[in-house]
Structure formats: C-alpha cells, structure tokens
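All you need for our numbering is the position in the sequence shown, starting with 1, plus 413.
C-beta atoms are modelled at their ideal positions from N, C-alpha and C, and glycine is treated no differently.
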Amino acid sequence: MMFNSVVRSRPLRTLLAQWHRQTVDSTCKRNMCNKPQEGATEAKAATPAPSTSHLGFKVPGYRPSDFDKKMLLWSGRFKTREQIPEIVSFEMLDAARNRMRVKVAYGMMAATVVACIAMVILGKQGAKNHDSLTARNMEKKARWREEAQREREDAAAAAAANAALATEKAQ
C-alpha cells in the first residue's frame, strides 16, 4: 500500500519523466554524427539554390472577401468600400465580425420583444371577441365536413348521371 502511494506520487513521476527524457535525448545525441557527409554535400551542390523571391517577408493578414468587406463597412470600421485596404489584419476582421454578431443579437432580442408584445395584444383582442383556438378549430373541421359531404353528393350525382346515360344507350 505504501509502495503504491510513493510510486504514484506526483514528484516521483516528474522525476522519472525527466530522467527518461534525459536518457532518450542523450541516446539520440549519441546516434547523430557531427561530421559532414561528403555524398550529401555533393548532392546539395548539384541542385540549384531556391529562389529567394518567395522567401520574402509576408505581411500577416487576410485578404477580405466581399462579405468581409460588407461586414467591415456595417460594423463602422470604414466609411466607404474604397477605404478598405487590400490586406486586413485578423484582429480587425475578427473585431468587425464580433461587432456584427452583437448587433445581430441585439436585433434579434428587439424582434423577440416586439413579437411577444404583439402576441399579448392579439391575445387580449381575441379574448374580448370571445375568439379562441378551439372555436377556430371547430369551425374549420365543420367546414371540412361540409366540403366532404358536398363532394360525396357530387360524386353520387355524377355516378347516377353516368348510370342514366348507360341505360339510355342500352335502350
């Protein structure tokens, strides 16, 4: 029991991990050769040196798409589309997106409040007129029954007319 708690203790684990890293690193260093290899240098000399034009300094940033440009305009960062530079920093674009997220969230909150108020007003008007969903449902189902009854009567009348025509032709 005591042995398990000592072996599982944090300081002992870190000590073992450090020792393991040192032994692994030292074995790796022993396997590496410090002498330049002759065959490798000749092969490297035979290949042409890479051009340095593509190794130049790259400005950290992002080329904004049309939607990103609209977002930069809507967020108020730039006044016109022509003021937006060709490359925009990630932070500027992220700030504009966050600002638009906040604006959309505020708009949705306002729309929800307006819709709730409208539903309360409509509900109070319906209560004054003694209008309810159950009454509307009953009226709708009654209309459907009347339409179905009319369709059955029309189908029966058409069948009777067809039967009368068939008897006339038979005579």
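(message) Tell me the rounded alpha-carbon separation between residue 543 and residue 550.
(response) 14 Å
(request) Quick one: using the 10 Å Cβ neighbour count with 16 as the cut-off for buried, is residue 643 buried or exposed? (result) With the chain represented from 414 up to 584, any question about residue 643 goes unanswered, as that position is not in the structure.
(message) Less than 7 Å between the beta carbons of residue 535 and residue 509, yes or no?
(response) no
(message) Whole angstroms are fine: how far does the CA of residue 532 sit from the CA of residue 556?
(response) 27 Å
(message) If distances are taken between C-alpha atoms only, which option among 579, 475 and 526 comes closest to residue 501?
(response) Nearest neighbour of residue 501 by Cα position, chosen from 579, 475 and 526, turns out to be 475.
(message) From the DSSP secondary-structure annotation, give me the bridge partner or partners of residue 475.
(response) 501
(message) Rounded to the nearest angstrom, what separates residue 465 and residue 477 at their Cα positions?
(response) Because residue 465 sits at a pLDDT of 48, beneath the cut-off of 50, its placement in the model cannot be relied upon, and the following sentence gives the value as read from the coordinates. Each residue's Cα considered, the two are about 27 Å apart.
(request) Tell me whether the beta-carbon of residue 488 lies closer than 7 Å to the beta-carbon of residue 512. (result) yes
(message) Given this structure, state the Cα-to-Cα distance separating residue 523 from residue 517, to the nearest angstrom.
(response) 10 Å
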